[in-house]
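J.: Residue numbers (the numbering used here): 1216 to 1464.
Quick reminder that beta carbons are idealized off the backbone N, C-alpha and C, glycines included.
Following this message is one structure expressed as structure tokens.
Right, here's the structure in full:
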């Protein structure tokens, strides 16, 4: 008998592929998968662009430099001078009509005015808050009461403290006083009103009353002197009128 035949399959020996001379073993697509080939192409493109390549900041700086070189310096303008019509340095003098008076009393308070409606119902309405002052005229010696509102400085009381006026305490407060005014001119035209003032405390209320009464006493003297002067002038005018017909005849 013949010997047992070898039944194992024949395995052909594989030979390693010979590298082609001058060619890489791996293809360019493999490098592109990891970014190799793309970077090289991008670099080549950037080199081809020349001056256009670079960051956006570098491009802006280059454009600004080129623009600056192209622009020329503007010509010098002529020195033109205009004289102002109104000079702001001039101070405008504010007239308060208090220039001929001196302050003898000053106290901050709140003033009210008594009003009545058509039905005769009365109520106190606030007139303003601010400094109440007594001003004495430098020539005739008369004293008037002037009060201005805070901030706006609008006059809310302006009258003389005459001998016929009477000051009285408010029944609802120990730091408030009221009196009747025959002719208050704070609104322009003389007006008969009833006003009241409220001060910070009872001590200030007493000081206010004393200053008010003193001003009234001083005005009584000054008003009497002024009345005597007026009577004397009227008598002299009357005598002149009597002498006119005798001198003409």
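Is it buried or exposed, residue 1268, if we count other Cβ atoms within 10 angstroms and call 16 or more buried?
T.: The residue labelled residue 1268 in the question sits at position 53 within the chain shown. Here residue 1268 scores only 49 on pLDDT, less than 50, and its place in the model should not be relied on; the value that follows carries that caveat. Exposed: under 16 other Cβ atoms inside 10 Å.
J.: Per DSSP, what are the beta-bridge partners of residue 1348 in this structure?
T.: For the purposes of this step, residue 1348 is taken as the residue at position 133 of the chain shown. BP columns for residue 1348 point to 1321, 1361.
J.: Since I believe residue 1327 is in contact with residue 1341 (beta carbons under 8 Å), could you give me their beta-carbon distance rounded to a whole number of angstroms?
T.: The sequence position of residue 1341 within the chain shown is 126, counting from 1. The sequence position of residue 1327 within the chain shown is 112, counting from 1. Right, their Cβ atoms sit about 6 Å apart.
J.: So what's residue 1449 in DSSP terms, helix, strand or just coil?
T.: Translated into the one-based positions of the chain shown, residue 1449 becomes position 234. If DSSP states are grouped into helix, strand and coil, residue 1449 belongs with the helices.
J.: Inspect the beta-carbon positions of residue 1409 and residue 1422 and report whether they are closer than 9 Å.
T.: Looking up residue 1409 in the chain shown gives position 194. Looking up residue 1422 in the chain shown gives position 207. No.
J.: Using beta-carbon positions only, say whether residue 1319 and residue 1349 come within less than 9 Å of one another.
T.: If you number the chain shown from 1, residue 1319 lands on position 104. If you number the chain shown from 1, residue 1349 lands on position 134. A contact, by the Cβ cut-off of 9 Å.
J.: Which residue's Cα is closest to the Cα of residue 1402: 1373, 1433, 1355, 1442?
T.: Taking the chain shown and counting its residues from 1, the one referred to as residue 1402 is at position 187. That would be 1373, whose Cα lies nearest to the Cα of residue 1402.
J.: For residue 1382, which residues of its own chain have a beta-carbon under 6 Å away from its beta-carbon, when the five flanking residues on both sides are left out?
T.: One-based indexing of the chain shown puts residue 1382 at position 167. Only 1392, 1394, 1427 meet the Cβ criterion.
J.: What is the residue span of the beta strand (DSSP E) that residue 1373 lies within?
T.: For this step, residue 1373 is matched to residue 158 along the chain shown. Taken as a continuous stretch (DSSP letters only), the beta strand (DSSP E) holding residue 1373 covers 1370 to 1375.
J.: Assuming residue 1356 and residue 1437 make a contact with CB atoms under 8 Å, what is their CB distance in whole Å?
T.: If you number the chain shown from 1, residue 1356 lands on position 141. If you number the chain shown from 1, residue 1437 lands on position 222. That belief holds up - the Cβ atoms of residue 1356 and residue 1437 are roughly 5 Å apart, short of 8 Å.
J.: According to DSSP, is residue 1355 part of a helix, a strand, or is it coil?
T.: By 1-based counting over the chain shown, the position of residue 1355 is 140. Correct three-state label for residue 1355: coil.
J.: Taking just the CA atoms, how far does residue 1275 sit from residue 1266?
T.: If you number the chain shown from 1, residue 1266 lands on position 51. If you number the chain shown from 1, residue 1275 lands on position 60. In this prediction, residue 1266 has a pLDDT of 49, which is less than 50 and means its spatial position is unreliable; what the coordinates show is noted afterwards. C-alpha separation (whole angstroms): 13 Å.
J.: Could you check how far apart the C-beta atoms of residue 1351 and residue 1316 are, in whole angstroms? I think they sit under 8 Å.
T.: Mapped onto the chain shown, residue 1351 falls at position 136. Mapped onto the chain shown, residue 1316 falls at position 101. About 6 Å; that satisfies the 8 Å criterion.
J.: Alpha carbons only, please: which of 1396, 1387, 1433 is nearest the one belonging to residue 1413?
T.: For the purposes of this step, residue 1413 is identified with residue 198 of the chain shown, where counting begins at 1. The shortest C-alpha separation from residue 1413 is found at 1387.
J.: Alpha carbon to alpha carbon, how far is residue 1441 from residue 1435?
T.: Taking the first residue of the chain shown as position 1, residue 1441 is located at position 226. Taking the first residue of the chain shown as position 1, residue 1435 is located at position 220. Each residue's Cα considered, the two are about 10 Å apart.
J.: Which ranges would you report for the beta strand (DSSP E) in the segment 1398 to 1456 if only whole runs of at least 3 residues count?
T.: 1406 to 1413
J.: What residue range does the beta strand (DSSP E) around residue 1384 cover?
T.: Here residue 1384 corresponds to residue number 169 of the chain shown, with the count starting at 1. Element bounds for residue 1384: 1382 to 1384.
J.: Once you ignore the five residues that flank residue 1263 on each side, which residues in its own chain have a CB closer than 8 Å to its CB?
T.: Taking the first residue of the chain shown as position 1, residue 1263 is located at position 48. Note that residue 1263 scores a pLDDT of 49, beneath 50, so its modelled location is shaky and nothing firm can be said.
J.: Let me make sure I understand the geometry here. Which of 1313, 1378, 1417 has the alpha-carbon closest to that of residue 1385?
T.: Position 170 of the chain shown, counted from the start, is the residue given in the question as residue 1385. Checked all of 1313, 1378, 1417; the closest Cα to residue 1385 is 1417.
J.: Kindly list the residues whose CB is nearer than 8 Å to the CB of residue 1456, restricted to its own chain and excluding five residues on each side of it in sequence; keep chain order.
T.: On the chain shown, position 241 is the one that residue 1456 refers to. Answer for residue 1456: no residue qualifies.
J.: My assumption, with CB atoms under 8 Å, is that residue 1343 sits in contact with residue 1323. Please give the rounded CB distance.
T.: Walking along the chain shown from the start, residue 1343 turns up at place 128. Walking along the chain shown from the start, residue 1323 turns up at place 108. 11 Å between Cβ atoms; not a contact.
J.: Do residue 1396 and residue 1404 have their C-beta atoms within less than 9 Å of each other?
T.: Here residue 1396 refers to the residue found at position 181 of the chain shown. Here residue 1404 refers to the residue found at position 189 of the chain shown. Cβ atoms of residue 1396 and residue 1404: not closer than 9 Å.
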